[in-house]
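K.L.:
Numbering (my numbering), first residue to last: 4 to 509. Sharing a structure with you now.
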Ligand code: NAD
């Protein structure tokens, strides 16, 4: 019964957002600018509150929250403010072909309308604010549903966002899965969901009812391959940082390592040293090491660990009362171990040895397509092989995580790791319909040539229209361009003569 009540409430929320969108409150350049500026202001005014909220939910250190959550969203908003004119400019696509002679052909990016953004808990501010900023820049109204598993951040957003953005056009709805499901019963024009695969299927099924397009930002097991040519010191530091930031609860964290057999001992020793130098001898006491989001996830990760306890070569301790799990390295893992079943999403790092890049590629290709794939090698041929022979949301060579902060790159998965992408200009594409527009500014004149298409048909008409419709070769297109210039020059020369201006030059 509770969800039936929520359904009518949600209906009202979405109706108001739609009314705001229809009234043009989010669509114009001025409105988009005003809303983007408001998000920047909110982040500037409340950075310390946001840092405190994320600390409360995940014990995330301030530097990780500012660099991976608040600043990312703020910088994206500032960038959209700079590029708004360009974003809203129609894109001219007339290729000069005969079919489009004397016509205007362009793409106009229309906002979808009312978008639903369902965030996940592991980067609770980034995963709500970053898509929100993209949807605003594209001119949409947004219903924002933060994850209930990061309640301090959800509460911050529900309390603070309405002070900066019109709460009817940008409502924040908090609650658990039943609230999300009540929302999903409503008609949206686009849904962006961040979370796991199983719920993604629920989202897609609900979206199908209204043929609503979806962007699914999911996860999976992200492999990191390292070969003998790699700089083991740099690789070790980057893997340690990318894996254990946020206690391993990062969708693009290296999930497991595929390591050249001769390198394994060196790599393990590097990672151990890095853990000590990052977090000190007493990792539990480090202010820079996070906590598992809740007891359910703590137990899930502990379950995996228990099954391969004997293979632990570093770490393994935990404290349920604090939701603390020590960074843990697991050696000699088999693919049947629980740790290799599902995405770990916690601070356990299994290490496999492989004999060659071939073997690593075979392993990667035999599993679901990962969200991120990391290759550590200084052999260009090897790097090229991974680029060409594997499929993943992204591939990063000799680095970890940084691709997610570079908004010139689309962020999204493929296959089981997701569908669609966003960040930077890709957010504009995600939250807009690319409306194709064709305009004939002078139908009377073009009727002379276009008249051929009308019945009664004849073999001659068919031949000529076939010629006009076919794809022109590159040289024909060049010729056509030259002809256009020649025609322009002739018209100008004729005009000069008619106006008697030619005598000036004598
Ligand atoms: P979660 O539990 O926070 O759920 C995400 C959203 O789905 C929440 O808003 C929640 O209310 C909603 N939800 C939960 N159950 C639902 C249901 N039954 N019906 C409708 N909505 C429901 O997040 P999670 O699933 O624990 O997220 C972890 C996963 O997300 C991992 O697999 C991780 O890799 C992935 N992830 C991906 C990205 C990315 O950008 N690709 C980022 C972060 C996390």
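A virtual CB, placed ideally from N, CA and C, is assigned to each residue, including glycine.
Note down the Cα distance separating residue 442 from residue 170, rounded to an integer number of angstroms.
P.N.:
By 1-based counting over the chain shown, the position of residue 442 is 439. By 1-based counting over the chain shown, the position of residue 170 is 167. Going by the C-alpha atoms only, they are around 38 Å apart.
K.L.:
If you run the structure through DSSP and keep just helix, strand and coil, what is residue 347?
P.N.:
The sequence position of residue 347 within the chain shown is 344, counting from 1. Looking at residue 347 - three-state DSSP - the assignment turns out to be coil, as it is neither helix nor strand.
K.L.:
Say yes only if the C-beta of residue 295 is nearer than 7 Å to one or more non-hydrogen atoms of ligand 1, and no if none qualify.
P.N.:
If you number the chain shown from 1, residue 295 lands on position 292. Outside the cutoff, so no.
K.L.:
Could you tell me whether the segment 157 to 164 touches the segment 191 to 198, where touching means 3 or more Cβ pairs closer than 8 Å?
P.N.:
With the cut-off at 8 Å, the segment 157 to 164 and the segment 191 to 198 do not touch.
K.L.:
Rounded to the nearest angstrom, what separates residue 104 and residue 460 at their Cα positions?
P.N.:
Here residue 104 is taken as the residue at index 101 of the chain shown, counted from 1. Here residue 460 is taken as the residue at index 457 of the chain shown, counted from 1. When rounded, the distance between both Cα atoms is 22 Å.
K.L.:
Thinking C-beta only, is residue 354 closer than 8 Å to residue 242?
P.N.:
By 1-based counting over the chain shown, the position of residue 242 is 239. By 1-based counting over the chain shown, the position of residue 354 is 351. No, Cβ-Cβ distance for residue 242 and residue 354 is not below 8 Å.
K.L.:
Can you tell me whether residue 502 is buried or exposed, with buried defined as 16 or more other CB within 10 angstroms of its CB?
P.N.:
For this step, residue 502 is matched to residue 499 along the chain shown. Label assigned to residue 502: exposed.
K.L.:
Quick check: does the Cβ of residue 125 come within less than 7 Å of any heavy atom belonging to ligand 1?
P.N.:
For the purposes of this step, residue 125 is taken as the residue at position 122 of the chain shown. Yes; taking the cut-off as 7 Å, the Cβ of residue 125 has a heavy atom of ligand 1 nearer than that.
K.L.:
Would you identify the three-state DSSP class for residue 6, choosing helix, strand or coil?
P.N.:
Taking the first residue of the chain shown as position 1, residue 6 is located at position 3. In this prediction, residue 6 scores a pLDDT of 49, lower than 50, which makes its location untrustworthy; the coordinate-derived value is nonetheless stated afterwards. Note: residue 6 maps to helix in three-state DSSP.
K.L.:
Which of helix, strand or coil does DSSP assign to residue 219?
P.N.:
Within the chain shown, the letter at position 216 stands for residue 219. If DSSP states are grouped into helix, strand and coil, residue 219 belongs with the strands.
K.L.:
Given a cut-off of 8 Å, decide if residue 221 and residue 374 are closer than it, judged by their beta-carbon atoms.
P.N.:
Looking up residue 374 in the chain shown gives position 371. Looking up residue 221 in the chain shown gives position 218. Yes.
K.L.:
Quick check on DSSP: helix, strand or coil for residue 154?
P.N.:
Here residue 154 refers to the residue found at position 151 when the chain shown is read from its first residue. If DSSP states are grouped into helix, strand and coil, residue 154 belongs with the helices.
K.L.:
Tell me whether the beta-carbon of residue 415 lies closer than 8 Å to the beta-carbon of residue 350.
P.N.:
Within the chain shown, the letter at position 412 stands for residue 415. Within the chain shown, the letter at position 347 stands for residue 350. No, the pair does not count as a contact, with Cβ atoms beyond the cut-off.
K.L.:
Cβ of residue 184 within 7 Å of any heavy atom in ligand 1?
P.N.:
For this step, residue 184 is matched to residue 181 along the chain shown. Yes, ligand 1 has a heavy atom inside 7 Å of this Cβ.
K.L.:
Residue 197: beta carbon under 7 Å from a heavy atom of ligand 1?
P.N.:
If you number the chain shown from 1, residue 197 lands on position 194. Yes, the beta carbon of residue 197 sits closer than 7 Å to at least one heavy atom of ligand 1.
K.L.:
Less than 8 Å separating the beta-carbons of residue 229 and residue 270?
P.N.:
In the chain shown, the residue the question calls residue 229 occupies position 226. In the chain shown, the residue the question calls residue 270 occupies position 267. Yes, the Cβ-Cβ distance between residue 229 and residue 270 is below 8 Å.
K.L.:
Note the first and the last residue of the continuous alpha helix (DSSP H) segment covering residue 75.
P.N.:
In the chain shown, residue 75 corresponds to position 72, counting from 1. Looking at the DSSP string, the run of the alpha helix (DSSP H) that includes residue 75 is 74 to 91.
K.L.:
To the nearest angstrom, how far is it from the Cα of residue 60 to the Cα of residue 155?
P.N.:
Here residue 60 refers to the residue found at position 57 when the chain shown is read from its first residue. Here residue 155 refers to the residue found at position 152 when the chain shown is read from its first residue. In a straight line, the C-alpha of residue 60 is about 6 Å away from that of residue 155.
K.L.:
Taking 8 Å as the threshold (C-beta atoms), are residue 223 and residue 420 in contact?
P.N.:
In the chain shown, residue 420 corresponds to position 417, counting from 1. In the chain shown, residue 223 corresponds to position 220, counting from 1. Contact flag set, yes.
K.L.:
Assuming contact is defined by CB atoms lying nearer than 8 Å, are residue 275 and residue 317 in contact in what I supplied?
P.N.:
In the chain shown, counting from the first residue as 1, residue 275 sits at position 272. In the chain shown, counting from the first residue as 1, residue 317 sits at position 314. The answer is yes: Cβ separation under 8 Å.
K.L.:
Is any non-hydrogen atom of ligand 1 found closer than 7 Å to the C-beta of residue 385, if you look at the structure I gave you?
P.N.:
The residue given as residue 385 occupies position 382 in the chain shown. It does not: the Cβ of residue 385 is nowhere closer than 7 Å to a heavy atom of ligand 1.
K.L.:
Rounded to whole angstroms, how far is the Cβ of residue 177 from the Cβ of residue 212, which I believe are closer than 8 Å?
P.N.:
Stepping through the chain shown from its first residue, residue 177 is reached at position 174. Stepping through the chain shown from its first residue, residue 212 is reached at position 209. At roughly 24 Å, the Cβ-Cβ gap does not stay under 8 Å, so residue 177 and residue 212 are not in contact.
K.L.:
Just checking residue 2 against ligand 1 - is the residue's beta carbon closer than 7 Å to any of the ligand's heavy atoms?
P.N.:
Because the chain is modelled from 4 through 509, residue 2 falls outside the range shown and cannot be assessed.
K.L.:
Leaving out five residues on either side along the sequence, give the residues of the same chain with a beta carbon under 8 Å from the beta carbon of residue 435.
P.N.:
On the chain shown, position 432 is the one that residue 435 refers to. Answer for residue 435: 112, 113, 114, 115, 141, 142, listed in chain order.
K.L.:
Spatial neighbours of residue 4 within its chain, please: C-beta separation below 8 Å, excluding the five flanking residues on both sides.
P.N.:
By one-based count along the chain shown, residue 4 stands at place 1. Bear in mind that a pLDDT of 41 at residue 4, under 50, signals an unreliable position, so the number given afterwards is only what the model happens to contain. Correct list: empty, nothing qualifies.
K.L.:
Please name the residue, chosen from 167, 96, 474, 288, that lies closest to residue 64 on a Cα-to-Cα basis.
P.N.:
For the purposes of this step, residue 64 is identified with residue 61 of the chain shown, where counting begins at 1. Comparing Cα positions, the closest option is 288.
K.L.:
I'd like to check one pair, residue 398 with residue 376: are the Cβ atoms closer than 8 Å?
P.N.:
Counting from 1 along the chain shown, the entry for residue 376 is found at position 373. Counting from 1 along the chain shown, the entry for residue 398 is found at position 395. Cβ atoms of residue 376 and residue 398: closer than 8 Å.
K.L.:
Straight-line CA distance for residue 404 to residue 254?
P.N.:
For the purposes of this step, residue 404 is identified with residue 401 of the chain shown, where counting begins at 1. For the purposes of this step, residue 254 is identified with residue 251 of the chain shown, where counting begins at 1. Roughly 10 Å separates the two Cα atoms.
K.L.:
Is the segment 282 to 299 touching the segment 383 to 402 in the sense that three or more CB pairs, one from each, lie closer than 8 Å?
P.N.:
The segment 383 to 402 is not in contact with the segment 282 to 299.
K.L.:
Flag this pair as yes or no: are the beta carbons of residue 38 and residue 147 separated by less than 8 Å?
P.N.:
Indexing the chain shown from 1 puts residue 38 at position 35. Indexing the chain shown from 1 puts residue 147 at position 144. Not a contact, by the Cβ cut-off of 8 Å.
K.L.:
Any idea if residue 481 is buried or exposed, counting beta-carbon neighbours within 10 angstroms, 16 or more meaning buried?
P.N.:
Position 478 of the chain shown, counted from the first residue, corresponds to residue 481. Exposed, by the Cβ-count rule.
K.L.:
Mark residue 215 as exposed unless 16 or more other C-beta atoms lie within 10 angstroms of its C-beta, in which case mark it buried.
P.N.:
The count along the chain shown starts at 1 and reaches residue 215 at position 212. The residue in question, residue 215, is buried, as its Cβ has 16 or more Cβ neighbours within 10 Å.
K.L.:
So, for residue 401: in the same chain, excluding its five sequence neighbours on each side, which residues have a beta-carbon less than 8 Å away from its beta-carbon?
P.N.:
Locating residue 401 in the chain shown gives position 398, where the first residue counts as 1. Closer than 8 Å at Cβ, skipping near neighbours: 233, 234, 237, 238, 241, 378, 379, 380, 381.
K.L.:
So, residue 423 versus residue 371, is the Cβ gap smaller than 8 Å?
P.N.:
Position 420 of the chain shown holds residue 423. Position 368 of the chain shown holds residue 371. Not closer than 8 Å, so no.
K.L.:
In the structure shown, what three-state DSSP assignment does residue 300 receive?
P.N.:
Here residue 300 corresponds to residue number 297 of the chain shown, with the count starting at 1. It is helical.
K.L.:
Regarding residue 236 and ligand 1, is the C-beta to nearest heavy atom distance less than 7 Å?
P.N.:
The sequence position of residue 236 within the chain shown is 233, counting from 1. Flag unset: Cβ of residue 236 not near ligand 1.
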